[in-house]
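Below is one structure, written out as structure tokens; the observations come after it.
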């Protein structure tokens, strides 16, 4: 019993420490991330993306570690179009969970994330699952940046990015279908899930979801 309590305390302490560091990085590097999508900060500039020069095939997985809160309205005049009854817009939310992505020849064949979302005071706990289902019949005249599930690489840094539409479940029930998201894998260390929050009634408070990349296993063909 004592061991279990100690483990829970250590886990919470590590999560809080990560959040503090992440907040410091985000706010100090804010000038580098200026493109806005539905009020969210996006680190991916479409003009700087290109196809991978060589086909990439790998499996990667890691954890979700994020604090979400609505940005100060004085810095952005955009207000929520619809207030989500499942989210207290004046609160901070902790997110913790797992994710996995499989890529074959630059095409994302699988992406899924399960995480818990809870207010910082321990109330309003609920669970989300994000699931991507690959589309096989996309228009052939689409450019690389418009193709869903195609892995792109940023020209200026070690960042891989893909766009896709996902279904989002809340407590096991499908709540939002075909939600556009952008997923960025940064320097083989950090994942950013940028949900186009207008589709989800701004449930995620117009913020990207951050996490860690714990492992990348290359697929040799």
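In our numbering, the protein residues as written are 12 to 232.
Note that beta-carbon positions come from the ideal geometry of N, C-alpha and C, so glycine has one too.
Check                                                                                                                                       : Outcome
Just curious, the beta strand (DSSP E) that residue 214 is in, first and last residue?                                                      : Counting along the chain, residue 214 falls outside any beta strand (DSSP E), and DSSP gives it neither H nor E.
Measuring CA to CA, which of 212, 117, 206 is closest to residue 163?                                                                       : 117
So what's residue 103 in DSSP terms, helix, strand or just coil?                                                                            : coil
Does DSSP classify residue 75 as helix, strand or coil?                                                                                     : strand
So is residue 160 buried or exposed if we call it buried at 16+ other beta carbons inside 10 Å?                                             : buried
If I follow the unbroken beta strand (DSSP E) through residue 130, where does it start and stop?                                            : 118-130
Mapping DSSP to helix, strand and coil, what is residue 222?                                                                                : strand
Going straight from the alpha carbon of residue 72 to that of residue 114, what length do you get?                                          : 12 Å
Return helix, strand or coil for residue 41, following the three-state DSSP convention.                                                     : Here the model assigns residue 41 a pLDDT of 36, short of 50, so the residue's position is not dependable, and the following value carries that caveat. Three-state result, residue 41: helix.
Per DSSP, what kind of secondary structure is residue 231 in: helix, strand or coil?                                                        : coil
Alpha carbons only, please: which of 174, 230, 170, 138 is nearest the one belonging to residue 129?                                        : 138
Suppose you measure from the CA of residue 191 to the CA of residue 230; what does that come to, to the nearest Å?                          : 27 Å
Return the first residue and the last residue of the beta strand (DSSP E) that residue 186 is part of.                                      : 184-197
So, are the CB atoms of residue 224 and residue 201 less than 8 Å apart?                                                                    : yes
If residue 125 sits next to residue 107, beta carbons under 8 Å apart, how far is it from one beta carbon to the other, in whole angstroms? : Not really, about 10 Å apart at Cβ, beyond 8 Å.
Check whether the Cβ atoms of residue 145 and residue 170 sit closer than 8 Å, and answer yes or no.                                        : no
Which same chain residues, not among the five before or five after residue 136, have their C-beta less than 7 Å away from its C-beta?       : 127, 129
Taking 8 Å as the cut-off, decide whether the C-beta atoms of residue 218 and residue 79 are in contact.                                    : yes
Does the beta-carbon distance from residue 122 to residue 203 come in below 8 Å?                                                            : no
Please find out if some non-hydrogen atom of the ligand SAH comes closer than 7 Å to the beta-carbon of residue 74.                         : Among the components of this structure there are no ligands whatsoever, and the ligand SAH is therefore not found.
Would you tell me roughly how many angstroms separate the C-alpha atoms of residue 199 and residue 181, rounded to the nearest one?         : 29 Å
Go ahead and pull the three-state DSSP assignment for residue 66.                                                                           : coil
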